[in-house]
Structure formats: structure tokens, C-alpha cells
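Take a look at the structure below.
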Amino acid sequence: MTAAPSDDLARPRRLDKWLADGGAGSHAEIAALLASGRVAVGGVVEHRGSRLVIPAEAGVTIDGAVVEARRPQVYALLHKPAGYLTTLADPKGRRTVAALLPPEWRVGVVGRLDRPTTGALLVTDDGDLNNLLTSPDSHVWKRYRLTVVGELEPGDPRLQQLRDGVVFQGTRSRPARCGVVEGASLPGRDGTRLGVLWLEISEGRFRQVRKMATQVGFKVVRLHREAIGPLPLGDLAEGAWRMLTDAEVEALYAVAGGREAPATRAWAALLAQWEAGALEAVDAGCFARCVKHG
Ligand code: URA
-17 MTAAPSDDLA RPRRLDKWLA DGGAGSHAEI AALLASGRVA VGGVVEHRGS RLVIPAEAGV
43 TIDGAVVEAR RPQVYALLHK PAGYLTTLAD PKGRRTVAAL LPPEWRVGVV GRLDRPTTGA
103 LLVTDDGDLN NLLTSPDSHV WKRYRLTVVG ELEPGDPRLQ QLRDGVVFQG TRSRPARCGV
163 VEGASLPGRD GTRLGVLWLE ISEGRFRQVR KMATQVGFKV VRLHREAIGP LPLGDLAEGA
223 WRMLTDAEVE ALYAVAGGRE APATRAWAAL LAQWEAGALE AVDAGCFARC VKHG
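My numbering numbers the first residue of the sequence shown as -17 and each following residue consecutively.
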């Protein structure tokens, strides 16, 4: 795979990115590690994810265990079964998707699926790609299949409501695409008919599909994610995972804004200035200004 400028190991990196690339977990998990004082740089506890880490000084640790500077290595697609939480560790001891993955992987989950939801879930130790795909500015289409109570007709007015966007929690969802999966109608347990529809959305608000469907009057009995951007789940068996090809990783980067997305570009420019001696220090404020103003 071509090395992106942002994964050049010789360059300084933000501490949170170092941890993400080292497989310390998702954005939220890393924030929690930092907040709880479990992360140190050179033996000194560090709470700021924005702190610049220079490979030569290194010595990044979590609970005293060294987190090496690494290039992302794992990009995998998992077929999540129902009944698993989309996290790698649960304080209440419930089943998580970690049970389905090799224990040596130090990865983060990209986005989330509710416990009963099945389907396509990405896991990776590439913090850049994870951030790009899950950022609120990301508009990558995700395709879902919903099984709902009652027969469905292609002209069902509720479908048009979904396409137009649905207001929930005070905000209208972005326009969606949807349609009836013809010939997929099923008998339900008590003899009622069940209909099936497909829905594509380009956002990832909490429980968004269920909320949109409920809001327009559908009763969802099953939710399954069929594809994330250009990546269909295909015939991967439930509970199984497979590694992505280089072409699939590049396709995901492309739909998420590209390896040269504004934040990545701004950061690379900043580091180039720092390396040339034009900047004495690079901090979070500097980075934020750079992203905002280019
Ligand atoms: N939207 C939902 O409501 N649930 C999911 O699991 C995914 C998207």
C-alpha cells in the first residue's frame, strides 16, 4: 500500500493520533484514556491529545506499557451478528464485537451499529480513516435493509417522507434514498405480513435509521447494514470478517474526502513548516487555525 504523508513514522504526530495508530481504541476510548491520566509521554502523564509527539523522544505509554509508533495495518470488514455491542470492551461484561476479532488486533471500530442491528462494520487501526469516516462532516452513504411490519407498496407516502428528510431531535435529516425490496415480503410470527425496504443515508446520527423509520410510522423488526460507501457486505458469513484489499481502502479514503482531505493537508503543511524550522512549536490551536483557514 502507498504510504500516505500522514503515516510517515519519521514525522511528529499528535498524541491522540499516535495512540489511534497504535491501536489504543476509538476516538472516545482514547479521550477516556487521556482524561483518566493513564497515558504518559517520556514518563510524564499527558492529558492533551493535541500534544505533539516527536518519534525520537517517543516513550508513549498506557498504564506503563509502551505504545509503538506504527503504520496502520488492519482494515477489516466484519459481519456483525445481532446481540453484540459495537465496542471492544464493556464495563458491564456484555458480549462485544471484540469476541469475533483476533485478540492481538489493536483496532478501533468505525462508527456503531445498535446491539440488535446486523451487517457491515469496519474495524481499523488507521485513526485518520476512522476520523474521516465518522466525522459529522463526512457524507459517506450507508445502505440499510429494514424489515418492517405490514406490506409495502412502492408508492407508500412514508418512503417519500424518508427521501425528503425527517425531523427528529429538532433537526431535519439529510435527504435520503429508499425503495421497496420487491418480492421480499414475508409472513411475520403472528401471521402479519412484513415488508422490506432499502434506505441509504449519508449521516450517522445516533440510532438514525430507527428514528427516521419510526418517525414516519414504520415499525422496524429487523435492521441490517448492507454497505458502507463503496464497500458491500457481500456474502460474508454472519460473525466472520475479512481484510480489505488496498483498492478498497483507497476507495474508502476517496469517498471520505481523500487522503488529502483538508485536515490531513493542513496538518502536513504545518509539519513541513515545523521541520523547516519556521515554527518553534506546533500545538492544537495552531492546528485548529490551520484547518479552519487552510
Ligand atoms: N441506525 C440505527 O438506527 N441503528 C443502527 O444500528 C445503525 C444506524
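Note that the Cβ used here is the ideal one computed from N, Cα and C, for glycine as well.
- Of the residues H206, Y66, G93, the one whose Cα lies closest to the Cα of G7 is G93.
- One Cα belongs to E86, the other to D119, and the distance between them is close to 32 Å.
- With contacts defined by Cβ atoms closer than 8 Å, Y126 and E232 do not form a contacting pair.
- One thing to note: V49 has its Cβ no nearer than 8 Å to the Cβ of R140.
- The segment 94 to 111 and the segment 129 to 136 do not touch, with fewer than three beta-carbon pairs separated by less than 8 Å.
- Annotated three-state conformation of H121 is coil, per DSSP.
- Inclusion of G161 and W180 in the CB contact set at 8 Å is warranted, their separation being smaller than that value.
- Annotation for V48 indicates a beta carbon at 7 Å or more from all heavy atoms of the ligand URA.
- Membership of Y57 in the beta strand (DSSP E) is indicated by the continuous run 57 to 62.
- Spanning the alpha carbons of T43 and A17 requires a straight line of approximately 14 Å.
- T196 sits in a helix when the DSSP states are folded into three classes.
- Burial state of G101 is buried, judged by a 10 Å Cβ sphere holding 16 or more other Cβ atoms.
- Within the segment 103 to 165, the complete alpha helix (DSSP H) runs of at least 4 residues fall at 109 to 116, 139 to 146.
- A check of alpha carbon separations from Q190 across V149, A58, G221 identifies V149 as the nearest.
- Ranked by Cα distance from L60, the options V237, E220, E230 are led by E220.
- In this structure, the ligand URA has no non-hydrogen atom nearer than 7 Å to the beta-carbon of R125.
- When distances are taken from the beta-carbon of V191 to the heavy atoms of the ligand URA, the shortest one is below 7 Å.
- Bounds of any alpha helix (DSSP H) do not take in H29, whose DSSP letter is neither H nor E.
- In this structure, L205 has its CB closer than 7 Å to one or more heavy atoms of the ligand URA.
- Distance from the CA atom of E182 to the CA atom of L115, rounded to whole angstroms, is 16 Å.
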